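Add 100 to a position in the sequence shown, counting from 1, and you land on the number used in this note's numbering.
Each residue gets a CB set at the ideal place from its N, CA and C atoms; glycine is no exception.
Values in this document were obtained by computation on a predicted structure and should not be read as measured data.
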Amino acid sequence: FDGFIGVGGGSIMDTAKVANLCSTCPADFLTYVNAPIGKATLVPGPLKPLICIPTTAGTGSETTGVAIFDIVKMHAKTGIASRAIRPVEGIIDPENTRTLPPIIAACTGFDVLVHALESYTALPYNRRLAPENPRLRPTYQGSNPISDIWAVKAIEIVSSNIMRVIENPADDASRSQMIMAATFAGIGFGNAGVHLAHGMSYPVSGMVRGFKPAGYPLDYPIIPHGMAVILCAPSVFRFTAAANPARHLEAAQLMGIEIANSRIEDAGEILAGLLVSLMQKTGMPNGLEAVGYTASDVDKLVEGTLPQHRVNSLSPRLFTVDDLKKLFLNSLRYW
Ligand SMILES: [Fe+2]
101 FDGFIGVGGG SIMDTAKVAN LCSTCPADFL TYVNAPIGKA TLVPGPLKPL
151 ICIPTTAGTG SETTGVAIFD IVKMHAKTGI ASRAIRPVEG IIDPENTRTL
201 PPIIAACTGF DVLVHALESY TALPYNRRLA PENPRLRPTY QGSNPISDIW
251 AVKAIEIVSS NIMRVIENPA DDASRSQMIM AATFAGIGFG NAGVHLAHGM
301 SYPVSGMVRG FKPAGYPLDY PIIPHGMAVI LCAPSVFRFT AAANPARHLE
351 AAQLMGIEIA NSRIEDAGEI LAGLLVSLMQ KTGMPNGLEA VGYTASDVDK
401 LVEGTLPQHR VNSLSPRLFT VDDLKKLFLN SLRYW
């Protein structure tokens, strides 16, 4: 091949990234996969050109050097993160999202919102441990003044358009805004990173048993990525707000509420409350219980979250295994 073109949602674009990597720099598959599941070896050189054309307004994968996938035999969701796999070009055309079913518009829209909220609240870049060698700098660097600009804009755009695209897929202006927000958030989080809601979402999706979302055009069980992320997000922001309440309150303001009379110590609760109310309006399941999990699954879910170092290390608040357990328990039901 002279180059690659990925046309589709996040899984398709990520598959194109990995196909490019595996065919250009062949090696055992786990060579490049994130540690501790893989060896996280640096990609040795430039890859072939890759053009990505998203057909959902969600992942932002057309902008990032990250590919996420399941390793089925290990029951693990993990990924490859390297600047080398980032597409050379993304073609963003809202015509490609015209026929998205409302449930996919909702799930992917929540993915965008949480990308932006997490990159805005991630551990700041200057509080992350510097690597020994600049070449070992992670793809995800922590929140920083440049990623903040993209995240802020994406939070505002999604908050004012997500209901419109779900209720009326023919609303061209809103669909244009949403796919642009997906790209904005992608540039932000592709640089700053995401944190605990994404870390927790991977085992939530990976351990799915029988759940099939109503209206989802697949005939096998799935907890779509954006759904898994938003099911964890309210608990996560209630927890992380203590690390930087001002940022969490500001994020709530960006979602469209007046904060002049709000107390800073309520920041986490305010932000979580906005997300829960949006979940209700968009028909999301009421927590992890509604997608098939119970308290007896929490230990396994924690076990699946702990290896997600790439994102967990960007949590603005240090956490213990016990904290993670509480986060999952608090995510079982929201209303
Ligand atoms: Fe995501």
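Placement of the Cβ of THR159 at a distance of less than 8 Å from at least one heavy atom of ligand 1 is found. The beta carbon of ALA367 sits closer than 6 Å to the beta carbons of ALA341, PRO345, HIS348, LEU349 from its chain, once the five residues preceding and following it are set aside; these are given in chain order.
Closest option to GLU365, judged by alpha-carbon separation, among ILE357, LYS253, ALA343, LEU378: ALA343. Considered as a whole, the region 315–395 harbours no complete run of any beta strand (DSSP E) with no fewer than 3 residues.
In this structure, the beta-carbon distance from PHE311 to VAL391 falls below 9 Å.
The Cβ atoms of ILE168 and THR156 do not sit closer than 9 Å to each other. Per DSSP, the unbroken beta strand (DSSP E) holding LYS177 starts and ends at 176–181. Residue SER301 holds the alpha-carbon nearest to the alpha-carbon of VAL411 among GLY209, SER301, THR197. Here GLY288 is actually not in contact with ALA352; their C-beta atoms are around 18 Å apart, not less than 8 Å. With contacts defined as CB atoms closer than 9 Å, ARG237 and LEU414 fail to qualify as a contacting pair. For TYR225, the number of other beta carbons within 10 angstroms of its own is at least 16, and it is reported as buried.
With distances taken between CA atoms, ILE266 lies nearest to LYS381 out of THR239, LYS381, ILE370. With 16 or more other Cβ atoms inside 10 Å of its own Cβ, ALA372 counts as buried. By the Cβ-count criterion, PHE210 is buried, with 16 or more other Cβ atoms from all chains shown falling within 10 Å of its own Cβ. When rounded, the separation of the alpha-carbon atoms in ILE203 and ASN233 is 44 Å. With distances taken between CA atoms, ILE257 lies nearest to ILE279 out of GLU389, ILE279, ASP248.
Between ALA181 and THR239, the C-beta gap is smaller than 9 Å, which places the two residues in contact.
Of the residues TRP250, ARG417, ILE171, the one whose Cα lies closest to the Cα of ILE137 is ILE171.
ASN386 and TYR316 have their C-alpha atoms roughly 17 Å apart. Taken through DSSP and simplified to helix, strand or coil, ILE192 comes out as coil. Sequence-distant Cβ neighbours of GLY299 in its own chain, meaning closer than 6 Å and more than five residues away, are THR405, GLN408, VAL411, ASN412. Ranked by Cα distance from LEU375, the options GLY110, ALA297, ASP399 are led by ALA297. In terms of CA proximity to ALA292, GLY165 leads the group LEU318, GLY165, THR199, LEU121.
Looking only at ASN430, LEU427, SER377, GLY106, the smallest Cα-Cα distance to SER161 is reached by GLY106.
Taking the CA atoms as reference points, CYS122 sits about 8 Å from PHE129.
Take ASP102, set aside five residues on each side of it, and the residues of its chain with a beta-carbon closer than 7 Å to its own are LYS148, in chain order. In the DSSP assignment, LEU296 is bridged to no other residue. Near ligand 1, residues with a Cβ at less than 6 Å from any of the ligand's heavy atoms are ASP211, HIS215, HIS298, HIS325, VAL329; the list follows chain order. According to the DSSP secondary-structure assignment, SER243 is paired through a beta bridge with PRO224. Within its own chain, the residues whose Cβ lies closer than 7 Å to the Cβ of PRO146, once the five positions on either side in sequence are excluded, are ALA184, listed in chain order.
For the pair PRO154 and ASN120, the CB atoms are not nearer than the 9 Å cut-off. Nearest Cα to LEU150 within the set MET113, ASP422, PRO416, ALA230: MET113.
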